[in-house]
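A.B. asks: So the sequence lines, in the order shown, correspond to chains A, B and C. Using this note's numbering, read the first sequence as starting at 1 and increasing by one per residue. Using this note's numbering, read the second sequence as starting at 325 and increasing by one per residue. Using this note's numbering, read the third sequence as starting at 758 and increasing by one per residue. By construction, the Cβ of each residue, glycine as well, lies at the ideal position given by its N, Cα and C atoms. Please see the structure below; I have some questions.
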Amino acid sequence: MTSVDRSPRAGVVAPARGSAPRTATGGAAPRGPRHGYDGWWPVLFVLPTMFGVVLFYLWPIVQTGYFSLTEWGAFGGQTWVGLENYQRLARDPDLGTAVVNTLVYTAIVLLGIPIAMFVASLLHRPGMRFTAFYRVLYFMPYVAMPTAVAMVWRLIFNGDFGILNQALGVVGIDGPSWTSTPGFALVAVSVVGLWTSLGFAIIILSAGLRTIPPELYEAASLDGASAWRQFRSVTVPLLTPSVFFVTVITVINGFQLFDLLYALMGQANPAMQQTQSLVYLFYNEAFLRNDKGFAAAIAMVILLIVGAVTLLQFRMQRRWVTYA
Amino acid sequence: MKHLLRSASLAGVAAVALTLSACGGGGDAAEDSAEVAPTDAQAEITYAIWDENQKPAIDQNIKDFNETYPNIKVTVDLTPFQQYFTKLQTQGESRTLPDVFWMNGPNVQLYAANDLLEPVTGLVDAGEIDPSKYPDALNQLYSFEDTQYGVPKDFDTVALWYNKALFEKAGVDLPTDDWTWDEFQDAAGAISDELSDQGVYGVVSEINGLGQSSYYNTILQAGGEVISEDGTTSGYDSPEAVEGLQLWADLIADGASPTVQQLSDTKPNVWFGSGKAAMLWSGNWSVAEMKDSPNKDDFGTVRLPAGPEQRATVIHGIGNVVAADSENKAAANAFLAYLGSEEAQRTQAEMGVANPAYTGTQQAFVDSVPSFGIDVFVDSAEDMAFPYPISQNTAAWNALETELLPHAFSGERPVEEVAQELADAMNEELAKE
Amino acid sequence: MPDATLTTTAPALAGRPTAPRRRTSRHGSNAWAHVVLAVGGVVMVFPFVWQLLTSLSTNAQVMSVPPVFWPGELQWGNYAEVFSKLPFLQEFWVSVSITVARTAGQLVLCSMAGYAFARMRFPLRGVLLALVLSILMVPSQVYLIPQYQIVNGLGWLNTVAGIAAPGIFSAFGTFLMMQFFKGVPDSLEEAARLDGANPFQVFWRVMLPLAGPSLGALTIITVLWSWNDLLWPLVVSTRAESMPLAAGIATFAGRTTTDYTVMMAASALAMAPILLLFVVMQRRVIDGLAHSGLK
Chain A
1 MTSVDRSPRA GVVAPARGSA PRTATGGAAP RGPRHGYDGW WPVLFVLPTM FGVVLFYLWP
61 IVQTGYFSLT EWGAFGGQTW VGLENYQRLA RDPDLGTAVV NTLVYTAIVL LGIPIAMFVA
121 SLLHRPGMRF TAFYRVLYFM PYVAMPTAVA MVWRLIFNGD FGILNQALGV VGIDGPSWTS
181 TPGFALVAVS VVGLWTSLGF AIIILSAGLR TIPPELYEAA SLDGASAWRQ FRSVTVPLLT
241 PSVFFVTVIT VINGFQLFDL LYALMGQANP AMQQTQSLVY LFYNEAFLRN DKGFAAAIAM
301 VILLIVGAVT LLQFRMQRRW VTYA
Chain B
325 MKHLLRSASL AGVAAVALTL SACGGGGDAA EDSAEVAPTD AQAEITYAIW DENQKPAIDQ
385 NIKDFNETYP NIKVTVDLTP FQQYFTKLQT QGESRTLPDV FWMNGPNVQL YAANDLLEPV
445 TGLVDAGEID PSKYPDALNQ LYSFEDTQYG VPKDFDTVAL WYNKALFEKA GVDLPTDDWT
505 WDEFQDAAGA ISDELSDQGV YGVVSEINGL GQSSYYNTIL QAGGEVISED GTTSGYDSPE
565 AVEGLQLWAD LIADGASPTV QQLSDTKPNV WFGSGKAAML WSGNWSVAEM KDSPNKDDFG
625 TVRLPAGPEQ RATVIHGIGN VVAADSENKA AANAFLAYLG SEEAQRTQAE MGVANPAYTG
685 TQQAFVDSVP SFGIDVFVDS AEDMAFPYPI SQNTAAWNAL ETELLPHAFS GERPVEEVAQ
745 ELADAMNEEL AKE
Chain C
758 MPDATLTTTA PALAGRPTAP RRRTSRHGSN AWAHVVLAVG GVVMVFPFVW QLLTSLSTNA
818 QVMSVPPVFW PGELQWGNYA EVFSKLPFLQ EFWVSVSITV ARTAGQLVLC SMAGYAFARM
878 RFPLRGVLLA LVLSILMVPS QVYLIPQYQI VNGLGWLNTV AGIAAPGIFS AFGTFLMMQF
938 FKGVPDSLEE AARLDGANPF QVFWRVMLPL AGPSLGALTI ITVLWSWNDL LWPLVVSTRA
998 ESMPLAAGIA TFAGRTTTDY TVMMAASALA MAPILLLFVV MQRRVIDGLA HSGLK
């Protein structure tokens, strides 16, 4: 896909802006970059980022990998135990629960993508006014401070006094204590997760919509295609790259579910054990039960799972993503 | 691998430490840790706390401290409770703990056992701190292996809060200090029966998450214990403990108390403060909130009802501790001694933020809301208080409590079965210590 | 900025402009669309309305059940109290500083790294890319203690540098920029190189000017994340004055009682600048993402 005017003007920009150095590396012959490695240049570009990534992120991951093979209490003192943590983890029923919960949460939040597509396409309709206003409205949850958001949603979901149950009561349904009952709690948390991330998806998909040339719609309607048909055959395929990006990010973020869970339910919640996510499992072991070696094993398992899922997504993109 | 990074960061810390000690007054590692800084000493120390509501009193304490020690600058590090111990652990790992900080019962042994806390024996011997001025149970709480590490700052006991108006409406006699379990249960049931159509319950408590204000007390009242005195075995599998737990399960089954889910959705103090429950089991920490309630004129307190075996309440309080690795120990000790003094503790009471530990200073706190009858809390501390149950890794089995006990209270599973399972799991954790 | 001279195209239809904004609608009114959007909008915004109402209530009203919606008497004093309870302006500047540092850092580093991953060839490129992306896949608390130890070792506790440092390096940002650069046609680069430019000059003179809108998108996302970042700044700062706003506001949560009204007021005040920023920038953000190679 391009984002550049194809006029020859752009191609002339480089030399036109001053020096056209015939440097030692540039040379006259078109021999360089296309036919092999780029010499030392990548080092310049990549090194700063790699330096920071290695120091602040990869090194801790390596350390975590090491710790997962030890038994590490609260302060210092690791003793090597080999794969014992992993064996313990394999036997732990909480792991399966956490995986399922995280998947369910992620799946529900992914439902936001079709919703976002719908909203984005509404905003994109020709002659639609106040689009900027709506966009701000839909983006607000993404901007908000999590503590404030959690507090309000807790009140909405409150089993005895929350407006959700009051509304349900009007139609005769006796609503549960949403955030304190297993099953319902997960739904409640997922709904809030969906609500929060909708704005992000709408923005990205809106941008994707703007890149679809209107001529394609014109051509399609000339061929007699209905609005729905146009949506299906023009909009959806050309939107797939944006959808792919949003999906990958949403899945990765979904697996990071923790703050929302903690804020909406609180640690002492009776439903927490059945509703915990993978990262919550990690936090619980690392900081609450002070079993940091075991927690490290959990972290490694999460890395494996998310890595595998992401890899799968990248492989599968060939099947359904059309880069124009 | 970790050691490389460790030594790198230790080198960094050492560099910083050298710089600090160059500017600090008498604060280098070679001196006797029991020494308190001279009044003209210059130092900068950090004091970590977790309760924003108490900050005004802390600020006042610091001001008063600076009258004697004008050149010791104390910076307050306020971290919300939810993140406090995560941060403290991070600091503990890196040996960058604050100089003086708040500690609580569940965590004190963990830090003491890992040599992160400075014993106060030196200060006691030097006469700066007098343990006899604080409730004995608190001194015990903050001691580990016969050494005391913390200076009690305040204490909470648990009492029975009640709403006169609701009792009158239901036609039930008001609670008294001599109540027993039976009378309590009957009253709760009667009120619920009478007022349930208005959405009012007989009693609420924080059974899902804070044993301190609920089942720890009933277990003790039945003659059981949560954990053995030496902290090595669980007390949950005894018939007495089961009896203590059964009380709550019965209350819920009767409809006298909201269900565990309802109590989790809406906190007990909110039920009670809004006039939706006639009784509340809670500590004096609720005073601050209840005095702002629109129903405050109807509130009163009495001692917890007597169980089959005895009267009991759990006592707990925050302790001030000094970090063993502090680079400004003399200054920190001076501040610690001040915080434990009568003057500092009285300030807490006068500003109504906490019930101080120092004997005789609680009057101002009691007087802060006369209608509540807060002296109940002080009296309970004297003759029916038991130390908060802890061990070296309290958090590990606290987590088990919140996981398992709700199933017993809700009636899903028999109390005895759950208690046994809890005891077994808890013993497993304790064995690891 | 070359924005004015650039237009979006699809490869099959080179040189055509974007969808023109037509004022007249084609198929009758968009009324029903407005209805749907408005209803959805209410759902989106409702919690904020409640937050504002809470910020104008008293604590007794907040802590009562059933919840009180309309406070009756508006407690504007809560907003004033924010400034007495928090060193608001100082924390505001801390928030601004760390956000600027992280955003500027990311803009530079991620565009460079993204470009290299997209357009350059070097050994282990695939491996390095996988490593970079992998850091998104562990629980973020994994990094807490190790990063703290590094920052502590550098003596950067309680400083803007300490809070901002790890956030300057971003896998997400690199990924975003990489996607953009992948979408730039090869011909441009080839032309530049034929003219003898070295890779840095190609980057500086050809690629970067085109990336303006993408960088705009990265900016708003990073700003948002940094503004609300809570746990790390809380752990690294031990003084209220060195904390950013998000951490400062969290300290309102007392042990047993929380001053919700003031907390909500502070949250509203803290959110306002960012919202404003978004309102102003949102056009650019959409355009940026449109051009960012995500299509």
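Nearest CA to the CA of A:Leu95: which residue from A:Ile302, A:Arg318, A:Gly162?
C.D. replies: For A:Leu95, the nearest C-alpha among the options comes from A:Ile302.
A.B. asks: Between C:Leu809 and the rest of its own chain, which residues show a CB-CB distance below 8 Å, the 5 nearest in sequence each way excluded?
C.D. replies: Excluding sequence neighbours, C:Leu809 sits near Met1021, Ala1025.
A.B. asks: Could you compute how far the alpha carbon of A:Ala308 sits from the alpha carbon of B:Ala709?
C.D. replies: One C-alpha to the other measures close to 55 Å.
A.B. asks: Determine which residues of the region 574-586 of chain B have a Cβ less than 9 Å from any Cβ of chain A, and write them out in chain order.
C.D. replies: Cβ contacts with chain A come from Pro582, Thr583, Val584, Gln585, Gln586.
A.B. asks: Please state if the CB of B:Leu484 and the CB of B:Pro629 are separated by a distance shorter than 9 Å.
C.D. replies: Contact flag set, yes.
A.B. asks: Taking only three categories from DSSP, how would you classify B:Pro713?
C.D. replies: Three-state result, B:Pro713: coil.
A.B. asks: Nearest to B:Pro530 by alpha carbon, out of B:Val690, B:Lys591, B:Ser650?
C.D. replies: The question names Pro, but residue 530 of chain B in the sequence shown is Glu. It is B:Lys591 whose Cα lies nearest to the Cα of B:Glu530.
A.B. asks: Quick check on the burial criterion: 16 or more other C-beta atoms within 10 angstroms. Buried or exposed for A:Met145?
C.D. replies: That one is buried.
A.B. asks: Does DSSP classify B:Glu355 as helix, strand or coil?
C.D. replies: Because B:Glu355 carries a pLDDT of 43, less than 50, the predicted location of this residue cannot be relied on, and the following value inherits that uncertainty. Note: B:Glu355 maps to coil in three-state DSSP.
A.B. asks: Let me know if C:Ala837 comes out buried or exposed under the rule of 16 or more other beta-carbons within 10 Å of its beta-carbon.
C.D. replies: Classification of C:Ala837: exposed, given that the 10 Å Cβ count is below 16.
A.B. asks: Name, going along the chain, the residues of the region 436-470 of chain B whose beta-carbon falls closer than 7 Å to a beta-carbon of chain C.
C.D. replies: Of all residues in the region 436-470 of chain B, none has a Cβ within less than 7 Å of some Cβ in chain C.
A.B. asks: Checking the sheet assignment: what are the DSSP bridge partners for B:Asp401?
C.D. replies: B:Asp401 is bridged to B:Ala372.
A.B. asks: Hey, C:Met877 and A:Phe184: beta-carbon distance below 9 Å or not?
C.D. replies: No, the Cβ-Cβ distance between C:Met877 and A:Phe184 is not below 9 Å.
A.B. asks: Give the straight-line distance between the Cα atoms of B:Val292 and B:Asp517, rounded to the nearest whole angstrom.
C.D. replies: Since the displayed chain B opens at 325 and closes at 757, residue 292 of chain B lies outside it and no answer follows.
A.B. asks: What are the start and end residues of the beta strand (DSSP E) that includes B:Gly624?
C.D. replies: Per DSSP, B:Gly624 belongs to the beta strand (DSSP E) from 623-626.
A.B. asks: Look at the alpha carbon of A:Met50 and the alpha carbon of C:Glu848, and state the distance between them as a whole number of angstroms.
C.D. replies: Going by the C-alpha atoms only, they are around 31 Å apart.
A.B. asks: Quick check: the Cα distance between B:Gly446 and B:Val611, rounded to an integer number of angstroms?
C.D. replies: Roughly 36 Å separates the two Cα atoms.
A.B. asks: Output needed in chain order: residues of the region 639-673 of chain B with a Cβ under 7 Å from some Cβ in chain C.
C.D. replies: Under the 7 Å Cβ criterion, the region 639-673 of chain B contributes no residue.
A.B. asks: Among C:Thr1014, C:Pro804, C:Leu1034, which residue has its Cα nearest to the Cα of A:Ala148?
C.D. replies: It is C:Pro804 whose Cα lies nearest to the Cα of A:Ala148.
A.B. asks: Tell me whether A:Phe314 sits in a helix, a strand or coil according to DSSP, three-state version.
C.D. replies: Note: A:Phe314 maps to helix in three-state DSSP.
A.B. asks: Rounded to whole angstroms, what's the CA-CA distance from B:Pro713 to B:Lys756? Just pull it up for me.
C.D. replies: Rounded to the nearest angstrom, the two C-alpha atoms are 17 Å apart.
A.B. asks: Please list, in chain order, the chain A residues whose beta carbon lies closer than 8 Å to that of C:Trp827.
C.D. replies: Neighbours of C:Trp827 on chain A: none; closest Cβ ~14 Å, over 8 Å.
A.B. asks: Can you give the Cα-Cα distance for A:Leu304 and B:Val360, rounded to whole angstroms?
C.D. replies: In a straight line, the C-alpha of A:Leu304 is about 54 Å away from that of B:Val360.
A.B. asks: List the residues of chain C that B:Pro618 touches, going by C-beta distances under 8 Å, in chain order.
C.D. replies: Simply Ala817, Ser821.
A.B. asks: Could you tell me if B:Glu651 is buried or exposed, where buried requires 16 or more neighbouring beta carbons within 10 angstroms of its beta carbon?
C.D. replies: Label assigned to B:Glu651: buried.
A.B. asks: Let me know the secondary structure DSSP gives C:Val895 once reduced to three states.
C.D. replies: Looking at C:Val895 - three-state DSSP - the assignment turns out to be coil, as it is neither helix nor strand.
A.B. asks: If we ignore side chains and look at the alpha-carbon of each, how far apart do A:Pro93 and A:Trp320 end up?
C.D. replies: Each residue's alpha carbon lies about 36 Å from the other.
A.B. asks: Mark C:Ala788 as exposed unless 16 or more other C-beta atoms lie within 10 angstroms of its C-beta, in which case mark it buried.
C.D. replies: So C:Ala788 counts as exposed.
A.B. asks: Just to confirm, is the Cβ distance from A:Val53 to C:Ala928 under 9 Å?
C.D. replies: It is a contact, given that the beta carbons lie within the stated cut-off.
A.B. asks: Could you tell me which of A:Thr97, A:Gln267, A:Thr102 sits nearest to A:Thr250, measuring between CA atoms?
C.D. replies: Closest by alpha carbon: A:Thr102.
A.B. asks: How close, in whole Å, do the beta carbons of A:Arg289 and B:Ala749 come, if the pair is a contact with beta carbons under 8 Å?
C.D. replies: With a Cβ gap of about 12 Å, A:Arg289 and B:Ala749 do not count as contacting.
A.B. asks: Under three-state DSSP, which class holds A:Ile173?
C.D. replies: Coil.
A.B. asks: Report the CB separation of A:Trp178 from A:Phe157 in whole angstroms; it is logged as a contact under 8 Å.
C.D. replies: At roughly 4 Å, the Cβ-Cβ gap stays under 8 Å, so A:Trp178 and A:Phe157 are in contact.
A.B. asks: Run through chain A and tell me which residues come within less than 7 Å of C:Trp807, C-beta to C-beta.
C.D. replies: Under the 7 Å cutoff, chain A gives Val152.
A.B. asks: Where does B:Phe479 fall in DSSP's three states?
C.D. replies: In the structure shown, B:Phe479 sits in coil (DSSP, three-state: anything other than H, G, I, E or B).
A.B. asks: Kindly indicate which residue of B:Ile515, B:Ser617, B:Ala636 has the alpha-carbon position closest to the one of B:Ala580.
C.D. replies: The residue with the shortest Cα to Cα distance from B:Ala580 is B:Ile515.
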